[in-house]
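Residues in the sequence shown are numbered consecutively from 107, following my numbering. Virtual Cβ for every residue (Gly too), placed ideally from N, Cα, C.
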Amino acid sequence: HSTNDSAFKGAGPGLGLSIARGIVEAHGGRIWAESPGRDEKECPGSTFHVRLPLIQPDGE
């Protein structure tokens with residue numbers, strides 16, 4: 107998701123990442139975020155990563 111400098115200031119219950127984490131982990135995956143800091147000019151946001159396995163491991 108990308109916005110201009112003033113459009114998105116975060117409004118909502120904040121459940122999106124929690125729900126995404128539950129779905130990803132239920133499928134044997136991993137989700138994480140990286141953020142260099144909060145500076146709208148130099149570092150305007152965070153990077154979110156999702157890693158899912160191609161096949162389900164044996165025994166799970």
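Length of the line joining the Cα atoms of residue i and residue j
{"i": "HIS133", "j": "GLU140", "result": "22 Å"}
{"i": "GLU146", "j": "ILE125", "result": "27 Å"}
{"i": "ARG144", "j": "GLY122", "result": "20 Å"}
{"i": "HIS155", "j": "ILE161", "result": "19 Å"}
{"i": "ARG127", "j": "PRO119", "result": "16 Å"}
{"i": "ALA117", "j": "ASP164", "result": "42 Å"}
{"i": "VAL130", "j": "ARG157", "result": "8 Å"}
Short Cβ contact (7 Å threshold) for residue i with residue j
{"i": "CYS149", "j": "PRO142", "result": "yes"}
Bridge-paired residues (DSSP) for residue i
{"i": "GLU140", "result": "THR153"}
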